[in-house]
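Below is one structure, written out as structure tokens; the observations come after it.
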Amino acid sequence: MAVQLERTFSISANIWNHLNADYSLYEARIKDSERNKTHFEWLKEFPIRELKKNGFLPNIKDYKILLEKLLELFSIPSPEQWKNYYEAKSVNFRKSDCFAHNMKHIITWIRTGELLASEIEAKPYFKEVFKESFKKIRQLTLLEPKEFISNLKSICNDSGVILVFVPEFEKTHISGATRWLTAEKALIIMSLRYKTNDHFWFTFFHEAGHILLHSKKQVFIDDELKGSKEEEEANQFASHLLIPENEYKQFISKKLFSQTEIKKFAEKIAIHPGIIVGRLQYDRLINFKYHNDLKEYWTINDTTSFFIKDRKS
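So the sequence shown is residues 0 to 312, counted in the working numbering.
Encoded structure:
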């Protein structure tokens, strides 16, 4: 075409080629600008602030770089591929009530847990080894975080289970999640959403219940720890392991729930009294305002320095 135009108008074919190249570049930039605008809107749907705070994204404002780094975080080449892969993958999630409204935040929270887990070695999973470890883990409820965290992680790793902590994102509202990374390696992610030791230990054993009792193909996301058959089974597992059911029935039959009686019962079954308080409150045998000074209060700073003790009455 450039040659024919040269013959017709006596203007060099090179000039026509340059004009065509300039127009093609102009069109490409317009399309790129439109694509970038769409991608920027897509980027804003993710918990960028939390990802920066926890070191998963650089603390910069350049959205093009942030987009690139976010895609790297998910090991996905484009937003379109993210949608095709992760929205299809979410079919395997045992979803909480908040999942539909905050899917991107929840999937991102889980992904950060997966990335932390990828840096941790663990032995192959054996169900009996994991079950046997609960005797040791239950004893840790009497200790403070600085005394038990590394031990808890080590015991889990020896059982083929990786335990990581990711602070709650603004729109996740999740206490914990469980998924299988491989057929021989399970992952528990915890957020310490409610900041009390009774909820921490209940959540841990709830997630452990999912690993022992339920499908390796499912991803369990737990916010209020209620709902499906699987959630109820995990609830019962955690409740009975922390407080043996026969012992608990004998204790509540007396209807004596003073701090002295709670401490005495906690000492008898070798568990922290705050866990007894949490169970009594959950079963509505005492008011949620009562005996909270028997609980421990903790917070997570970030994924590397997570527990700071914070006592409250």
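For glycine and all other residues, C-beta sits at the position ideal for the given N, C-alpha and C.
If you look at Gly175, you'll find it in the beta strand (DSSP E) that goes Gly175 to Thr181. DSSP lists Tyr296 as the beta-bridge partner residues of Thr195.
Straight through space, the alpha carbons of Lys122 and Lys263 are spaced by roughly 39 Å.
According to the DSSP assignment, Asp157 belongs to the alpha helix (DSSP H) that extends over Pro144 to Asp157.
Rounded to whole angstroms, the Cβ separation of Ile119 and Asn156 is 7 Å, and the two are in contact under 8 Å. Residue pairing by DSSP places Met102 opposite no residue, since no beta bridge is assigned to it. Here DSSP, grouped into helix, strand and coil, assigns Ile220 to strand. At a Cβ-Cβ threshold of 9 Å, Thr195 and Ser174 do not count as neighbours. In this structure, Lys170 is the residue among Tyr247, Gln280, Ile242 and Lys170 with its C-alpha nearest to the C-alpha of Trp108. The straight-line gap separating the alpha-carbon atoms of Asn58 and Leu279 is approximately 44 Å. Sequence-distant Cβ neighbours of Ile64 in its own chain, meaning closer than 8 Å and more than five residues away, are Pro57. Taking Phe45 as reference, the option from Asn83, Leu24, Leu18 and Arg110 with the minimal CA-CA separation is Arg110.
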